[in-house]
Structure formats: structure tokens, C-alpha cells
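Each remark here refers to the structure printed beneath this line.
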Amino acid sequence: MFLTYDPPQFFYVITHLYKEGVGKDMKRWAYEITSSFLLPGAPLRLCSVEESILHEIDATLQNELDKEEILRKVFWKARMRCREDLNEQLADFRNKRSAGLGSIFGPADHLLEESIHNKAKELQIVEHLLVPCLESVS
1 MFLTYDPPQF
11 FYVITHLYKE
21 GVGKDMKRWA
31 YEITSSFLLP
41 GAPLRLCSVE
51 ESILHEIDAT
61 LQNELDKEEI
71 LRKVFWKARM
81 RCREDLNEQL
91 ADFRNKRSAG
101 LGSIFGPADH
111 LLEESIHNKA
121 KELQIVEHLL
131 VPCLESVS
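For the sequence shown, the UniProt record's numbering begins at 1 and goes up steadily by one.
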């Protein structure tokens, strides 16, 4: 997710955490999630979510905002659509990796296998992948 800046992945993770929230926070976060991912012109717009799903979410946020159990499920259909996208991306990744192109996504398989038993190598891989991403954000 950090390396691809992929909105479906980010949306899927955030909405998973969202549904664990409490009423007051869920209300606030529902609007943040909607404006960040679902509205036209949103910075992380999810293009694969159908207009009908967006209308359902909008109607729920306008009419059912006081019902916590409904708020927990408000993004369910959009999450399922993102899940389909993520499954396609994962299948594509697996195909490329099995074709020997795995190193374009990160460390080679033998380095990953070595890192399982060697914490120093694991930290080296993590630092190599995450530090540049974190530096670009800060």
C-alpha cells in the first residue's frame, strides 16, 4: 500500500477500522471517508464504485446518521467492490512474481526467505522499502 499509493487498498483498510468505531467518531469519519474516496473530485477517488452505491451511501449519511449499526455497514458494498479490485491486483502480482518479475515489487524471493530467520536482514529490507516512502510523505 505504501509503495503503490493505491486508493482501493487504503479505503479497504480504513473502512475496516471505521466499522470498529463508536457512534460519534463514526459520524465524523463517515464524512471524511466519503469526501476522500467517493465524491467526484476526491483526492483518492475510487473509480470502480458504481454511482448507485454512492447514492446509497449518501442517502444513509443524510437519513440514518443516528443509527450506529447502520453506520457500521454504510461502506460495505463499496468495500466489496474494492475487494474485487484488490483480488485482481493480487492475481496480477502473483502472475508477475511467478514469471520471475517479483523483484520489480521489492526484494527477491531468496532475500525474503533469508530475512525470515535473520532479524537484521528483515530490518534492512523494511528500512529499504519504508524509509523512502515515509521521507516522501514528511
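Glycine is no exception: its CB is placed at the ideal position from the N, C-alpha and C atoms.
State the start and end residues of the unbroken alpha helix (DSSP H) segment that holds Cys82.
Trp76 to Lys96
The region 116-123 contacting the region 89-102, beta-carbon criterion three pairs below 8 Å
The answer is no - the region 89-102 does not touch the region 116-123, with fewer than three Cβ pairs under 8 Å.
Please state whether the Cβ-Cβ distance between Ala108 and Val74 is less than 8 Å.
no
Is Leu71 near Met26, with beta carbons less than 8 Å apart?
yes
Buried or exposed, going by whether 16 or more other CB atoms sit within 10 Å of the CB of Val22?
exposed
Measure from the alpha carbon of Ile57 to the alpha carbon of each residue in Arg83, Gly100 and Thr34, then state which is nearest.
Thr34
Does Val49 have its Cβ less than 8 Å from a Cβ in chain D?
Of the chains in the structure shown, none is chain D; there is only one protein chain.
Does the Cβ of Val49 have 16 or more other Cβ atoms within 10 Å, making it buried, or fewer, making it exposed?
buried
Rounding to the nearest angstrom, what Cα-Cα distance links Ser98 and Leu123 in this structure?
Each residue's alpha carbon lies about 25 Å from the other.
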